[in-house]
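Asker: Under my numbering, the first residue of the sequence shown is numbered 67, with each subsequent residue one higher.
Think of the CB as a built atom: it goes at the ideal place given N, C-alpha and C, for glycine as much as any other residue.
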Amino acid sequence: MSTFTIQPIHQTPSLFIKEKKMLILADLHIGIENELQEKGLHVSSQLPQMWYMIKKLYADYQPKDIVLLGDIKHSIPQTPFHEKKQLRRFFSDLNNMATIHIIPGNHDGNIKWYLPEDVILYESDGTVLDSIGLLHGHRWPKKSVLQASYLLMGHTHPTVMLQDR
67 MSTFTIQPIH
77 QTPSLFIKEK
87 KMLILADLHI
97 GIENELQEKG
107 LHVSSQLPQM
117 WYMIKKLYAD
127 YQPKDIVLLG
137 DIKHSIPQTP
147 FHEKKQLRRF
157 FSDLNNMATI
167 HIIPGNHDGN
177 IKWYLPEDVI
187 LYESDGTVLD
197 SIGLLHGHRW
207 PKKSVLQASY
217 LLMGHTHPTV
227 MLQDR
């Protein structure tokens, strides 16, 4: 069994695996501010801050591979036009940094429509890369993922509830 140093990166939804030069990100929810705005909570686009974070992570860690563990986009079942544009630009820019691997989450229906040709898209029941099982976590993983030496999963992000008295 290979051993890896899995390093959580403070105040980011990410991990770095030093020996593999692999950056793992989960639950970006690009476009979530559109849904919040429809519900009366006005939040500016989070994409500039997200992109700044990713560029900083790339500069600090120089990953060879970037793995996205699902819920990259937010809107389901329909993706608004402006979110489609954001996704295409995001993936195009990200693809210039490293090899991109995607394990889709429950918000990522039809995500293949927004991906550059050479992005690697796996099934939503996960995959194994070098004895590391990777999945989003919204569905049962395939047997090989469960049998991996390590298991990394997204989908368990914190929530906040705002309520009037």
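Would Leu-153 pass as a contact of Ile-96 if the rule is Cβ separation under 8 Å?
Answerer: Yes. Within cutoff.
Asker: I want to check one thing, is the minimum distance from the CB of Ser-68 to the heavy atoms of the ligand SAH below 7 Å?
Answerer: The ligand SAH is not among the ligands present in this structure, which contains no ligands whatsoever.
Asker: So which of Leu-107, Ala-92 and Ile-132 has the shortest CA-CA distance to Lys-86?
Answerer: That would be Ile-132, whose Cα lies nearest to the Cα of Lys-86.
Asker: Check whether the Cβ atoms of Glu-182 and Ser-210 lie closer than 8 Å to each other.
Answerer: Position check: residue 182 holds Pro in this sequence, whereas Glu was assumed. It is not a contact, given that the beta carbons lie outside the stated cut-off.
Asker: If I measure Cβ to Cβ from Tyr-180 and keep anything under 7 Å in the same chain, skipping five residues before and after, which residues do I get?
Answerer: Correct list, in chain order: Lys-150, Leu-153, Arg-154 and Phe-157.
Asker: Once you ignore the five residues that flank Tyr-188 on each side, which residues in its own chain have a CB closer than 6 Å to its CB?
Answerer: Cβ within range, chain order: Ile-169.
Asker: On the DSSP bridge assignment, give the partners of Lys-139 in chain order.
Answerer: Lys-139 is bridged to Ile-96.
Asker: Here's a check: name, in chain order, each residue in its chain whose Cβ is nearer than 6 Å to the Cβ of Tyr-216, leaving out the five neighbours to either side.
Answerer: Excluding residues within five positions, the ones whose Cβ falls inside 6 Å are Ile-198.
Asker: Under the assumption that Tyr-127 contacts Phe-70 (Cβ atoms under 8 Å), give the Cβ distance between them as a whole number of angstroms.
Answerer: So it is not a contact: roughly 14 Å between Cβ atoms.
Asker: Over the uninterrupted beta strand (DSSP E) stretch that includes Phe-157, give me the two end residues.
Answerer: First-last for Phe-157: 147-161, but that is the alpha helix (DSSP H), not the beta strand (DSSP E).
Asker: Apart from the five residues just before and just after His-204, which ones in its own chain have a Cβ nearer than 8 Å to its Cβ?
Answerer: Result list for His-204: Gly-136, Gly-171, Asn-172, Ser-190 and His-221, in chain order.
Asker: Counting only runs that start and end within the stretch 157-215, where is the beta strand (DSSP E) found for 3 or more residues in a row?
Answerer: Listed in chain order, the complete beta strand (DSSP E) runs (minimum 3 residues) inside the stretch 157-215 are 165-168, 193-195 and 198-201.
Asker: Would DSSP call Leu-123 helix, strand or coil?
Answerer: In the structure shown, Leu-123 sits in a helix (DSSP, three-state: H, G or I).
Asker: By Cβ distance below 7 Å, which residues in the same chain neighbour Lys-208 in space, the five residues on each side in sequence not counted?
Answerer: Same-chain partners within the cutoff: Asp-191 and Gly-192.
Asker: Taking the Cβ atom as the reference point for each residue, do Asn-161 and Val-185 lie within a distance shorter than 8 Å?
Answerer: Cβ distance < 8 Å, so Asn-161 and Val-185 count as in contact.
Asker: What do you reckon, are the CB atoms on Ile-166 and Leu-123 nearer than 8 Å?
Answerer: No.
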